[in-house]
Each structure stands twice: as C-alpha cells, then as structure tokens.
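Novice:
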Amino acid sequence: MRELVIGDPGRAPAADVGPVIDEEAQAMLQQHVERLSGEGDILYRCPLPDSASKGTFVAPVAVEVSADP
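Okay, so the sequence shown: first residue is 29 according to this note's numbering, each after it adds one.
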C-alpha cells in the first residue's frame, strides 16, 4: 500500500488510485472506515498527497476486523 500513487489519472497517468465518483460516495466511504475503525484495528492508512486536497479522494485503508460476530 505504501507504493500506491494516489492522484487524478487525467493529470497523473501513473496514479493507481483516483477519486471516487462524487461527494456522496466519498462521505459514505469515510463513514464506513470510521465504523470499521471502531470494530477493528487500522493497520495502515495511505496518506493523501496535497494534490488530493481538491476532489473526492478517499485514502485506501487496511483494517483488521475480528471474524467473530
């Protein structure tokens, strides 16, 4: 995950992860990550580059959750 390039693929062709479709999707994903962080441990969260401050980017996150309900 540390090697992922986050950015706008229209401006940065090497980008592995681009923005999500809209602000609604961004908010939903951020809420999901917050919920998961309460249920498990965040193992790693990719830092968002300054170039991602404009747009609907969501940092990739690895979360360890228990298999027990």
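Beta carbons: idealized from backbone N, C-alpha and C, even for Gly. In this text, all values refer to a predicted model and were calculated from it rather than measured experimentally.
1. Taking the alpha carbon of residue 37 as the reference point, which residue from 53, 46, 31, 69 has its own alpha carbon closest?
2. Using DSSP's beta-bridge definition, name the partner residues of residue 73.
3. Apart from the five residues on each side of it in sequence, which residues of its chain come closer than 7 Å, Cβ to Cβ, to residue 85?
4. Looking at C-alpha atoms only, which residue of 59, 79, 92 is the closest neighbour of residue 72?
5. Tell me the rounded alpha-carbon separation between residue 59 and residue 67.
Specialist: With the structure as the only source:
1. 46
2. 89
3. 34, 47, 76
4. 92
5. 13 Å
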